[in-house]
Amino acid sequence: MKTELSCLNCKANFLAFPSDIKRNKKFCSSACYHENGQGKPTSLLGKSAEQIYGHERAAKVRAAISAAVKAGKMGFKKGHPAFGGFETRFKKGIIPWCKGKSYSNPKITGDLNPSKRLEVKQKIRAARMKQRFPLKNTSIELALFSELNSRKMPFEKHKSILGITQPDAFIEPNICIYADGDYWHSRPEVAMRDERINEALQKNFLVLRYSEKEINANVEGCVDEIEEVMFTFPS
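The numbering of the sequence shown is the numbering used here, which starts it at 36 and goes up by one.
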């Protein structure tokens, strides 16, 4: 937000940013700043190097700067971002030690000992399963939860099962219920993951999956099926 101030030199009003006020800005322009006796003499403003130092001295300074730039002593070097590239630490023909390697911590990922990679992944997976996902329920999950609550059916949201999955609703002792969105769960990689979870749970759990289309069309019918299996599926 800008604030209106009055110039100390020309007395005209001008708008100043909060940063200008913090720096105690008192003039509306650099011209007023110099006219008020601040900074460089007013006689040098707007003049070229030739007008200030003369043609001979200005030409010598320009020649010296040009020679220094060509010698690499001044200015940007080849590969600088200003020229659309970056300077590399490795000479041409030398393979960098980090080529093809990740920048992750090997002590965490198990790269120092490949036999530990599976163990590390299992620990990470177990730690993630202690968290509750998602932080926000989807619309079809809310519809399913609402219907379950209306029938006073006890269930737990996103409970970790076997350290590999968190069903949207879990009914004790062994019923896992999923509300699958049509977009994500139609993707091949997600569908394959769902099949792996189903196979891992089918021995000791009953897995019920309802698509977004089914829940939106008839959530009461979905819960009717859940209510029926509660009394028929062995615990």
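Beta carbons are placed, not taken as given, at the ideal position from N, Cα and C, and that holds for glycine.
Just so you know, these numbers come straight off a predicted model, no measurement behind them.
Proximity to Arg186 across Gln86, Thr38, Lys108 and Ile261 peaks at Ile261, based on C-alpha coordinates.
Taking a 10 Å sphere around the C-beta of Asp217, we find fewer than 16 other C-beta atoms and assign the residue as exposed. Taking 8 Å as the cut-off, the beta carbon of Leu50 is found no closer than this to the beta carbon of Lys60. Nearest C-alpha to Asn251 among Ile175, Met265 and Glu263: Ile175.
Per DSSP, the continuous alpha helix (DSSP H) segment holding Phe180 begins and ends at Ser174 to Ser185. Leu236 and Phe268 do not touch by the CB rule: their CB atoms are close to 13 Å apart, not below 8 Å. With respect to the 8 Å criterion, Pro189 and Ile206 are classified as neighbours on the basis of their beta carbons. Phe52 counts as exposed, since fewer than 16 other beta carbons sit within 10 angstroms of its beta carbon. By the neighbour-count definition (other C-beta atoms within 10 Å, threshold 16), Asp203 is a buried residue. Bridge partners of Asn48 according to DSSP: Ser41.
Listed as beta-bridge partners of Asp215 by DSSP are Ser246. By the criterion of a C-beta distance shorter than 6 Å, Asn233 is surrounded in its chain by Val242, once the five residues flanking it on both sides are discounted. Per DSSP, Thr267 has no beta-bridge partner at all. When DSSP states are grouped into helix, strand and coil, Lys57 belongs to the helix group. The beta carbon of Val254 sits closer than 7 Å to those of Ala178, Leu179 and Glu182, all from its chain and outside the five residues before and after it, given in chain order. Distance from the Cα of Val96 is smallest, within the candidate group Gly107, Ala84 and Ala47, for Ala84. When secondary structure is reduced to three states using DSSP, Lys158 falls in the helix class. Boundaries around Ala98 are those of the alpha helix (DSSP H), His90 to Lys105, since no beta strand (DSSP E) includes it.
Here Ala66 has no same chain residue with a Cβ atom under 6 Å from its own Cβ, once five neighbours each way along the sequence are excluded.
In this chain, the alpha helix (DSSP H) harbouring Ile232 covers Pro223 to Leu236. Ile196 is classed as buried because its beta carbon has at least 16 other beta carbons within 10 Å across all chains shown.
A straight line joining the alpha-carbon of Ala47 with that of Tyr68 spans about 13 Å.
In this structure, Arg160 and Gly107 do not form a Cβ contact; the two beta carbons are roughly 53 Å apart against a cut-off of 8 Å.
Per DSSP, reduced to three states, the secondary structure at Leu241 is strand.
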